[in-house]
Structures are given as C-alpha cells and as structure tokens.
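Chemist: In my numbering, the protein residues as written are 626 to 970. Backbone N, C-alpha and C fix where the C-beta goes; we use that ideal spot for every residue, glycine too.
#1: Pop quiz: residue 895 and residue 954 are said to be a contact at Cβ under 8 angstroms. What is the actual Cβ separation, rounded to whole angstroms?
#2: State yes or no: is the C-beta of residue 913 within less than 7 angstroms of the C-beta of residue 893?
#3: Please state if the CB of residue 901 and the CB of residue 932 are separated by a distance shorter than 7 angstroms.
#4: Return no unless some Cβ of chain D is closer than 7 angstroms to the Cβ of residue 683.
#5: Skipping 5 residues on each side, what residues in its chain have a beta carbon closer than 7 angstroms to that of residue 646?
#6: Which runs of the beta strand (DSSP E) spanning at least 3 residues fall entirely within the stretch 802 to 839, listed in chain order?
#7: State the start and end residues of the unbroken alpha helix (DSSP H) segment that holds residue 647.
#8: Take every Cβ of the stretch 768 to 779, pair it with every Cβ of the stretch 796 to 813, and state whether three or more of those distances are shorter than 8 angstroms.
#9: What did DSSP end up calling residue 765 once you bin it into helix, strand or coil?
#10: Measure the CB-CB distance between residue 877 and residue 783 and report whether it falls below 7 angstroms.
#11: So what's residue 892 in DSSP terms, helix, strand or just coil?
#12: Can you tell me where the alpha helix (DSSP H) with residue 870 in it begins and where it stops?
#13: Which one of 673, 830, 834 and 851 has the shortest CA to CA distance from residue 822?
#14: Counting only the same chain and skipping the five closest in sequence on each side, list residues whose C-beta sits under 8 angstroms from that of residue 726.
#15: Measure the C-alpha to C-alpha separation of residue 810 and residue 881 and round it to an integer number of angstroms.
#16: Check whether the Cβ atoms of residue 572 and residue 628 sit closer than 7 angstroms, and answer yes or no.
#17: Thinking C-alpha only, which one of 963, 969, 943 and 649 is nearest residue 798?
#18: From residue 701 to residue 764, what does the alpha carbon distance come to, in whole angstroms?
#19: Could you please give me the residues that DSSP links to residue 961 through a beta bridge?
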C-alpha cells in the first residue's frame with residue numbers, strides 16, 4: 626500500500642512527534658509498504674492566524690494515496706476516505722490548557738470564536754476518521770472529555786533502544802529533551818538552590834526559542850550554580866544524548882500534563898535509570914511509580930530538591946528503582962511491528 630503520514634512542521638523545531646513520524650515511515654517500509662511523511666507548516670503564534678491554517682489543511686486534496694495516518698492538529702484535519710488518526714495531541718490551548726489558564730488564545734470574543742472553530746473542525750475530522758488511536762490514556766481521556774469520541778490507546782515504541790544500554794552512574798541528574806516553559810527545566814535549576822551541595826545537574830537539549838535558553842542561563846547565574854549545573858542547550862547527536870542518559874544517576878522529566886509516557890522517560894527506563902517527575906506531569910506517571918521506579922514530587926523547587934537528595938544520597942536504592950523502571954517498560958511489550966499492525970488493522 627501507499628501510506629502517507631501527515632504531521633505538522635515548525636521550522637527548526639524537532640521533537641518527539643517528528644521522531645515518531647520518521648520511524649513510523651521507516652517501519653512501514655520494513656513491513657513492505659510505500660510510505661512518505663507530509664509535513665504541513667503550522668505556527669501557533671499569533672493565535673488569530675490559526676483558523677486560516679486550518680482552512681489550508683482542509684482544502685488540500687490527496688491523490689495516489691491508499692491510506693493516511695495523521696498525528697497532530699491541524700495536520701489531522703486533512704481529508705481522505707481512509708484516514709487513521711494516531712492522536713499525539715490536539716490544540717490543547719483550546720481545551721485543557723485553556724481551563725488551566727495557560728492558553729495563547731486571545732481573551733474575549735475573538736479567542737472564543739477561535740476556540741469554537743477548533744472544536745468544530747476537530748469534531749468534523751474525527752467523525753470522518755475510520756479509526757482513532759491515542760498515544761496515551763491521558764490523551765484518550767481528554768478526547769472523551771472535551772470531544773466525546775472514543776479511542777484505543779496505542780503507546781509509541783522506543784525508536785532506537787540499542788543506544789540506551791545503561792552504564793555505571795557518574796553522579797549527576799540528567800534532564801533531557803526540548804527546553805521550554807511547558808517542560809519546566811527551570812524548576813530543576815531552582816531546586817538546585819535547595820539541594821545538597823554535592824548534587825550535580827545536567828540539562829541538555831534544544832531550546833524552542835532563545836528566550837527559553839536565556840531563562841536557564843539567567844537562573845544559573847542568579848543563584849551562582851555555575852559549578853553544579855551544566856547547560857548543553859543545542860540539538861544533540863544521538864550518541865551524545867544517549868551518553869548523557871547512560872551515565873546519569875537518575876533522569877528527571879517534569880512536563881506539565883504530558884500527553885504520553887515521553888521519549889525521555891522511555892529512554893531512561895531502557896537504560897535502567899530511576900526517574901524523577903511531578904504529580905501533575907500526566908502520561909509519564911505511567912512509568913514513574915513513587916518509590917518503585919523513581920520519585921514523584923510536588924512541582925515546587927523545595928519538593929524537587931528533596932527528590933534530588935534522596936536519589937543522589939541512596940545510590941543502591943536508586944539503582945534498584947532504575948532496574949524496576951526497565952522491567953516495567955520492557956514488560957509493556959511495545960514494538961514497532963505490533964504498532965504497524967494495529968495502525969493498518
């Protein structure tokens with residue numbers, strides 16, 4: 626079959642969704658299909674331009690394509706008679722983030738009109754979709770709560786587990802992945818003020834904007850943490866990124882209400898590393914079980930400092946939790962062949 630994977634594209638932004646699309650294409654080809662990725666440009670700022678971008682996607686006409694697998698808003702609005710949705714996330718600023726006061730939609734009637742347009746377009750697209758999968762139970766519940774549609778959870782596989790073999794810890798906590806306000810690396814830097822002086826933190830990954838990088842650098846300078854916090858803020862080759870994970874004592878990942886388990890957590894668990902997250906981090910809580918595979922803290926610097934202290938000061942316990950994290954992840958039995966089979970069923 627000729628299968629088109631449809632995803633969004635923001636210039637020079639690359640994260641988990643982009644990796645998933647590329648590896649889905651690769652595994653569809655390995656399964657004997659022709660597959661390509663269509664990346665549709667999307668900018669969420671300014672918010673008043675979102676409706677015109679939605680209309681652009683809805684107006685697109687596809688030919689010479691047997692099936693479509695769509696991943697994100699607004700890419701999943703594309704029309705096709707045999708479309709499957711593997712929902713990574715909707716435009717959350719019109720849904721749960723609006724309720725949480727973290728939306729970029731304008732306040733007042735203009736913002737309400739944009740919200741209604743997004744909800745209506747989502748509903749129309751979901752109705753014409755042959756089957757809906759979500760990347761986590763968190764995403765499934767949101768879809769049911771806000772749109773009234775049922776879906777099947779299909780957890781994404783890890784793309785390159787061979788990189789995450791695990792090594793003896795080198796006495797630092799690692800925080801990897803995209804750097805932005807929603808991923809909340811700043812909470813870890815602020816926690817280092819309260820953590821034991823022997824604690825070391827490495828934050829590494831590409832910032833979404835210069836402002837995201839500047840914020841972390843400013844915090845390090847403000848609190849005089851230059852000798853305890855390493856910032857490697859750039860797009861990292863996989864060998865460099867995996868070396869950080871493999872050498873860590875534990876891995877911290879603190880997104881706000883994450884849609885999925887998160888590649889950062891999946892990679893850490895594969896490497897046998899204990900995990901640190903927060904009570905409001907969403908899907909990652911499927912892997913982080915308090916005092917079993919890691920530590921779940923309140924999303925405050927003092928609470929996170931306690932977590933850092935516990936994992937750094939009790940190395941045998943931390944290694945035991947890392948072993949349990951690996952067993953939990955591997956026990957889920959998530960593989961690309963099974964995922965491809967489900968998406969094409």
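Modeler: According to the structure data:
#1: Right, their Cβ atoms sit about 6 angstroms apart.
#2: Taking C-beta atoms as the reference points, residue 913 and residue 893 fail to come closer than 7 angstroms.
#3: Here residue 932 is near residue 901, since their CB atoms are less than 7 angstroms apart.
#4: Note that chain D does not occur in the displayed structure, where there is just one protein chain.
#5: Hits under 7 angstroms: 630, 632, 662 and 696.
#6: Every unbroken stretch of the beta strand (DSSP E) spanning 3 or more residues and falling wholly within the stretch 802 to 839 is given here in chain order: 826 to 829.
#7: Under the DSSP assignment, residue 647 falls in the alpha helix (DSSP H) whose first and last residues are 641 to 655.
#8: Look at the beta carbons and you see the stretch 768 to 779 not touching the stretch 796 to 813: under three pairs across the two are nearer than 8 angstroms.
#9: In this structure, residue 765 counts as helix in the three-state DSSP scheme.
#10: Residue 877 is not a Cβ neighbour of residue 783, given a cutoff of 7 angstroms.
#11: Helix.
#12: Run containing residue 870: 863 to 872, per the alpha helix (DSSP H) assignment.
#13: Comparing C-alpha distances from residue 822 to each of 673, 830, 834 and 851 shows the shortest one belongs to 851.
#14: Excluding positions up to five away in sequence, the list is empty.
#15: Cα to Cα, the separation comes out at about 11 angstroms.
#16: The structure shown does not extend to residue 572, since the chain spans only 626 to 970, so no value can be given for it.
#17: Comparing Cα-Cα distances from residue 798 to each of 963, 969, 943 and 649, the minimum goes to 943.
#18: The alpha-carbon of residue 701 is positioned some 15 angstroms away from that of residue 764.
#19: As computed with DSSP, residue 961 is found in no beta bridge at all.
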